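**Q**
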Amino acid sequence: MRKLEKGKVLIEIAFRKGPFKMFLAFAKEKGIRYVGEIDMAALEEFSQKKGVGSVKMFSVIERLAGPLDYIQEELFPERDIKNK
Numbered sequence: 612m613r614k615l616e617k618g619k620v621l622i623e624i625a626f627r628k629g630p631f632k633m634f635l636a637f638a639k640e641k642g643i644r645y646v647g648e649i650d651m652a653a654l655e656e657f658s659q660k661k662g663v664g665s666v667k668m669f670s671v672i673e674r675l676a677g678p679l680d681y682i683q684e685e686l687f688p689e690r691d692i693k694n695k
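In this text, residue positions in the sequence shown follow the numbering used here: the first is 612, and each later residue adds one.
#1: For R627, count neighbouring C-beta atoms within 10 Å of its own C-beta (all shown protein chains included) and say buried if the count is 16 or more, exposed if not.
#2: Taking the continuous alpha helix (DSSP H) assigned at R674, which residues delimit it?
#3: By how many angstroms is the C-alpha of G662 removed from the C-alpha of E648?
#4: Compute the beta-carbon to beta-carbon distance between F631 and F657, rounded to the nearest angstrom, for a pair I have assumed lies under 8 Å.
#5: Taking all protein chains shown into account, decide if F634 is buried (16 or more other Cβ within 10 angstroms of its Cβ) or exposed.
#6: Applying the 10 Å Cβ sphere with the 16-neighbour rule, what's the burial state of F652?
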């Protein structure tokens, strides 16, 4: 079983559950498709948007740092994974 790095997972897959509707819209607006494309500048810009407070930011940061460390590739359709 091969492990997949979280940076190669689509944003809409990694952030599909929970309070991430605003973050998903922001990522789409900015053309961010994969988790690995999220950088500090994007997080800073998102934090400045109206309606984004500390709870939403914490949720996004926690998701980035937390349970997606490594994901079993077999759990996702191939079209949702960025090829090397």
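Just so you know, even glycine gets a beta-carbon here, dropped at the ideal spot from N, CA and C.
These figures come from a predicted structure and were not determined experimentally.
**A** In short:
#1: On the sequence shown, residue 627 is found 16 positions in, with the first residue counted as 1. When all chains shown are included, R627 counts as exposed.
#2: Taking the sequence shown and counting its residues from 1, one reaches residue 674 at position 63. Unbroken alpha helix (DSSP H) run through R674: 665-676.
#3: Taking the first residue of the sequence shown as 1, we reach residue 648 at position 37. Taking the first residue of the sequence shown as 1, we reach residue 662 at position 51. Distance between the alpha carbons of E648 and G662: 23 Å.
#4: Reading the sequence shown from its first residue, position 20 is the one you call residue 631. Reading the sequence shown from its first residue, position 46 is the one you call residue 657. Actually they do not touch by this definition, with Cβ atoms about 11 Å apart.
#5: Your numbering for residue 634 matches position 23 in the sequence shown. The residue in question, F634, is buried, as its Cβ has 16 or more Cβ neighbours within 10 Å.
#6: Taking the sequence shown and counting its residues from 1, one reaches residue 652 at position 41. A quick correction: the sequence has Ala, not Phe, at residue 652. With fewer than 16 other Cβ atoms within 10 Å, it is exposed.
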